[in-house]
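Below is one structure, written out as structure tokens; the observations come after it.
In this note's numbering, the protein residues as written are 11 to 90.
This is the structure:
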């Protein structure tokens with residue numbers, strides 16, 4: 011699975027697996043750079059997914075706030 015296609019949960023799971031491997035005392039030094047590079051890619055994916063989710067949540071909340079203020083304005087107008 012390419013880094014672009016991987017979801018947050020899968021990326022986090024793979025990252026945890028890599029971290030476990032890196033903590034092992036018997037890690038092959040030839041593999042170390044490859045593992046660290048993959049971990050960096052996965053961290054970027056996770057950060058990107060978190061940032062995307064944050065933007066979407068803010069847009070949703072802003073939409074709700076806008077709907078609420080529009081509803082309040084309509085209620086005030088109908089009370090006149």
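C-beta: ideal position from N, C-alpha, C; glycine also.
Should residue 73 be listed as close to the ligand NAD, given that the test is whether its C-beta is under 7 Å from any heavy atom?
As for the ligand NAD, it is missing from this structure, which has no ligand bound.
Could you give the DSSP three-state label for residue 24: helix, strand or coil?
Assigned with DSSP and collapsed to three states, residue 24 falls in helix.
Closer than 8 Å is the cut-off here; do at least three beta carbon pairs connect the stretch 58 to 68 with the stretch 35 to 48?
no
Rounded to the nearest angstrom, what separates residue 29 and residue 21 at their Cα positions?
12 Å
Would you please state the rounded distance, in angstroms, between the beta carbons of residue 77 and residue 52? I believe it to be under 8 Å.
37 Å between Cβ atoms; not a contact.
Please work out which residues of its chain come closer than 8 Å, Cβ to Cβ, to residue 56, disregarding the five sequence neighbours upstream and downstream, and give them in chain order.
18, 21, 22, 25
Helix, strand or coil: how does DSSP classify residue 43 here?
The three-state reading of DSSP puts residue 43 in helix, counting H, G and I together.
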